[in-house]
Amino acid sequence: MIHFDNIKEYNRFIGYNDPKKDLIDVVKYNDCESIRLLCDGLTSDFYMMAFKRNMTDLNWFGNTEYDTTSAFLYFIKPKQIHKWNVDKRWEGYQILISPILLQEYNIDFSFFQYNIKEALFLTNDEQNRIENLYEQIFEEYQKDNYDMALLLAYCNLIFTYIGKCYKRQFETRQPLYNKLVTEFKKLLSDYYSNGQQGMPNVHYFSDKLHLSSNYFGDLIKFNTGKTPSEIIQDKIISEAKKHLEISNKTVAEIGYDLGFDYPTYFTRFFKKQTGITPTKYRENKASR
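To convert, note that position 287 of the sequence shown is 276 in the numbering used here; the numbers rise steadily by one, no gaps.
Spelled out as structure tokens, the structure:
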């Protein structure tokens, strides 16, 4: 596996032009004479935001029957493996940017942590808007005296628009995602009955559904109005109430069965969610 800690070596390996700065680069693919069409895998210390047209092997990027095939956009986070094998060179733009700059300008979006296969597939209108924004960023970057603050403001604008486009993709893929929501709830329902150890968590279910935690969280929230954590908490409370009502086990034993390391954690969690302690809940039920 090849790893790159600087943009210049990264660009030279793939066939892009040398960057103007160490912490950010904006590439227009059509300006690059020879782009590497095959790579078995590489990683870098940077974020990459790529807008591409005429790319083959779209299944690798998560294209579905609900999407267009004209243009798409995807993100690579630091240390994430990126590989490709295509028949012809692609068109479009990319931004390669250090996490240092994003932190300095307080830029952070959920989709920065999406996987490659969770790409955004654009409608024609979205493609035109995205391409215009990338062109503006590229033109500013080409200036000898370009303004870094303006460049990052353009980036922030395009990221905000991308977030809006992802919400549209969640909506148009709703038949597909309704199935994922149903599968998530089934996995959650079966979690304790299948003898799983420990507290259920978002990563466990996103991994089962082969999605990044952020993408999983965003699509669940979009389709249900609740975050996965909120749905998991609801399930834990439901299980806790059931055991408190029908089991002879102590509150501590029930807490351990539900995955809490300490009885006090279970009591605090239960009271925060319901307004009363597990003991008080059991007493109330017994007196009815």
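For every residue, glycine included, the Cβ atom is placed at its ideal position computed from N, Cα and C.
Only a predicted model underlies this, so the values are computations on that prediction, with no experimental measurement involved.
> Between Ile221 and the rest of its own chain, which residues show a CB-CB distance below 6 angstroms, the 5 nearest in sequence each way excluded?
Replying inline: Taking the first residue of the sequence shown as position 1, residue 221 is located at position 232. Pro189.
> Relative to the alpha-carbon of Lys215, which residue among Tyr245, Asn237 and Lys174 has its alpha-carbon at the smallest distance?
Replying inline: Mapped onto the sequence shown, residue 215 falls at position 226. For the residues Tyr245, Asn237 and Lys174, the minimum Cα distance to Lys215 belongs to Lys174.
> Closest by CA to Phe61, which one among Gln69, Ile70 and Phe50?
Replying inline: Against the sequence shown, residue 61 aligns to sequence position 72. When each option's Cα is compared against that of Phe61, the closest is Phe50.
> Among Phe64, Lys274 and Asp14, which residue has its Cα nearest to the Cα of Leu141?
Replying inline: Here residue 141 is taken as the residue at index 152 of the sequence shown, counted from 1. It is Asp14.
>> Just to confirm my understanding: we take Phe360, look at its own chain, exclude 5 residues before and 5 after, and list those with CB closer than 7 angstroms. What are they?
In response: No answer is possible for residue 360: it lies beyond the span of the chain, which begins at -10 and ends at 277.
>> Tell me the DSSP secondary structure of Gln186 in three-state form.
In response: Taking the first residue of the sequence shown as 1, we reach residue 186 at position 197. Coil at Gln186, not helix or strand.
>> Between Leu26, His(-8), Tyr204 and Gln262, which has its C-alpha nearest Tyr166's C-alpha?
In response: Position 177 of the sequence shown, counting from 1, holds the residue named residue 166. Answer by Cα proximity: Tyr204.
> What number of angstroms, rounded off, separates the C-alpha of Phe101 from the C-alpha of Leu31?
Replying inline: In the sequence shown, residue 101 corresponds to position 112, counting from 1. In the sequence shown, residue 31 corresponds to position 42, counting from 1. Their backbone Cα atoms lie some 18 angstroms apart in a straight line.
> Grouping DSSP H, G and I as helix and E and B as strand, with all else coil, what is Gln83?
Replying inline: For the purposes of this step, residue 83 is taken as the residue at position 94 of the sequence shown. In the structure shown, Gln83 adopts extended strand secondary structure according to DSSP, grouped into three states.
>> For Tyr103 and Ser202, what's the separation of their Cα atoms in angstroms?
In response: Here the question's residue 103 lines up with position 114 in the sequence shown. Here the question's residue 202 lines up with position 213 in the sequence shown. Spanning the two alpha carbons is a distance of roughly 8 angstroms.
> For the candidate residues Asn6, Tyr82 and Lys9, whose alpha-carbon lies nearest to that of Lys17?
Replying inline: Sequence index remark: in the sequence shown, residue 17 carries index 28 (1-based). When Asn6, Tyr82 and Lys9 are compared, the shortest CA-CA separation from Lys17 is found for Tyr82.
> Whole-angstrom Cβ separation of Phe194 and Leu208, contact assumed at under 8 angstroms?
Replying inline: Locating residue 194 in the sequence shown gives position 205, counting from the first residue. Locating residue 208 in the sequence shown gives position 219, counting from the first residue. Between the beta-carbon of Phe194 and that of Leu208 there is about 12 angstroms, and that puts the pair past the 8 angstroms contact cut.
> Do you know whose CA, among Gly206, Cys28, Cys154 and Ala108, lies nearest Asp76's CA?
Replying inline: For the purposes of this step, residue 76 is taken as the residue at position 87 of the sequence shown. Closest option to Asp76, Cα to Cα, is Cys28.
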